[in-house]
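J.: In the working numbering, the protein residues as written are 26 to 253.
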Amino acid sequence: MLAAHWSRLDGRLLYCLSLVGRAEDSVEEETARVIDEALEIIREEGLDKRHIIRSRLFTDSRENRQLASDVRRATLVGPLRGASSSFFDARRLPEDGRVQLDLAVLVPDEPRATKTIMEYEPAIAPPRFVSLDGLVFLSGITSTTPGLGAQIQTIRHSIDESLSQAGTRLERALAFSVFLAREEDPREALDLLSQTFSTCPVTPVLTQVGGYSAPEKRIEIEITAALA
């Protein structure tokens, strides 16, 4: 199952695709097959897979989230690496699929632009951020601090650190994506986000999911921003 759309991000073309696998073999094989199919679609669209700037994984369970994430980490390497996040959420998947991969590919204004990948220290599964053609894409950020409000505060601090390291700030944000645990109240979350991210110029887009890599995590936030 494939869905794709084109849009513009700060004037640049952006291609986004969402591909769901088929549960015909192991989760690892299903994930590898989905990634291969997605990369082939990118090629067919005449796009450069080195310009992948963001990937998201959704699986049907926490265990399968880890298995699929391991395959993605081993496959989308080097210049194919993008800002990343991963969740489990059985509600969004069909009965015959356990893995959904979302990829976003930027078409730079400058054709010779190359992507910069900044890792955490020490490096972990997602990069801290990737930047390309004057834009920066932060991987999804979570926290295990007790309480939704405290997690949002901790994540805001981490976002400020990453944006500063990239050479920009929250006031230059272009997209604000939020993934909230299904047990949490989205109305409360939006109120807390409004308070904590009051200087962000874009409205958060909130999606509810089943969960993350750890049950303590209640929310994950991605920011895309223009470089200063």
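Where is the CB? At the ideal position from N, CA and C, for every residue including glycine.
(1) Near Ser183, what residues of its chain come up, given a Cβ to Cβ distance below 8 Å and the 5 sequence neighbours on each side ignored?
(2) What are the partner residues of His30, as DSSP defines its beta bridges?
(3) Cβ of Arg37 within 8 Å of Cβ of Val132?
(4) Return the Cβ separation of Ser164 and Ser109 in integer angstroms, given the expectation that the two are a contact with Cβ distance under 8 Å.
(5) Once the 5 residues before and after Leu27 are set aside, which same chain residues still bring their CB inside 6 Å of it?
(6) Using three-state DSSP, classify Ala63 as helix, strand or coil.
(7) Taking the DSSP output, what are the residues bridged to Thr141?
(8) Check each candidate in Ala129, Gly122, Pro136 and name the one with the smallest Cα separation from Leu101.
(9) Compare the C-alpha of Ser156 against each of Ile149, Pro171, Lys140, Glu146 and name the closest.
(10) Can the beta-carbon of Arg58 be found less than 8 Å from the beta-carbon of Asp127?
(11) Using the C-alpha atoms, what's the distance from Thr221 back to Arg212?
(12) Cα-Cα, which of Glu245, Leu39, Glu54, Thr249 is closest to Phe154?
(13) Can you check whether the CB of Pro152 is closer than 8 Å to the CB of Arg106?
(14) Identify, in the order they occur along the chain, each residue of the same chain with its Cβ nearer than 8 Å to the Cβ of Arg97, setting aside the five sequence neighbours on each side.
(15) At the level of alpha carbons, what is the spacing between Glu70 and Ala29?
(16) Enumerate in chain order the residues of its own chain whose CB-to-CB distance from Asn89 is below 6 Å, with the five nearest sequence positions on each side excluded.
T.: Inspection of the coordinates gives the following:
(1) Residue 183 sits at position 158 when you count from the first residue of the sequence shown. Excluding sequence neighbours, Ser183 sits near Ile166, Ser168.
(2) To locate residue 30, count along the sequence shown from 1; it is residue 5. DSSP lists Cys41 as the beta-bridge partner residues of His30.
(3) Position 12 of the sequence shown, counted from the start, is the residue given in the question as residue 37. Position 107 of the sequence shown, counted from the start, is the residue given in the question as residue 132. Closer than 8 Å, so yes.
(4) Locating residue 164 in the sequence shown gives position 139, counting from the first residue. Locating residue 109 in the sequence shown gives position 84, counting from the first residue. About 5 Å; that satisfies the 8 Å criterion.
(5) Here the question's residue 27 lines up with position 2 in the sequence shown. Leu44, listed in sequence order.
(6) Here residue 63 refers to the residue found at position 38 when the sequence shown is read from its first residue. Three-state result, Ala63: helix.
(7) Here residue 141 corresponds to residue number 116 of the sequence shown, with the count starting at 1. By DSSP's assignment, Thr141 forms a beta bridge with Ser156.
(8) Here residue 101 corresponds to residue number 76 of the sequence shown, with the count starting at 1. Checking every option, the nearest Cα to that of Leu101 belongs to Ala129.
(9) Taking the first residue of the sequence shown as position 1, residue 156 is located at position 131. For Ser156, the closest C-alpha among the options Ile149, Pro171, Lys140, Glu146 is that of Lys140.
(10) Looking up residue 58 in the sequence shown gives position 33. Looking up residue 127 in the sequence shown gives position 102. For the 8 Å CB-CB criterion, Arg58 and Asp127 do not form a contact.
(11) As a first step, residue 212 must be located in the sequence shown, where it is residue number 187. As a first step, residue 221 must be located in the sequence shown, where it is residue number 196. Straight-line spacing of the CA atoms in Arg212 and Thr221 works out to 14 Å.
(12) The residue you call residue 154 lines up with position 129 of the sequence shown. The option with the nearest alpha carbon to Phe154 is Thr249.
(13) Within the sequence shown, numbered from 1, the residue matching residue 106 stands at position 81. Within the sequence shown, numbered from 1, the residue matching residue 152 stands at position 127. Yes, the pair counts as a contact, with Cβ atoms nearer than the cut-off.
(14) Translated into positions along the sequence shown, residue 97 becomes position 72. Excluding its 5 nearest sequence neighbours in each direction, Arg97 has C-beta neighbours in its own chain below 8 Å: Thr56, Ile60, Ser80, Leu82, Ser109, Ser111, Leu126, listed in chain order.
(15) Taking the sequence shown and counting its residues from 1, one reaches residue 70 at position 45. Taking the sequence shown and counting its residues from 1, one reaches residue 29 at position 4. Distance between the alpha carbons of Glu70 and Ala29 is about 11 Å.
(16) For the purposes of this step, residue 89 is taken as the residue at position 64 of the sequence shown. Cβ neighbours of Asn89 beyond the five flanking positions: Val52, Arg123.
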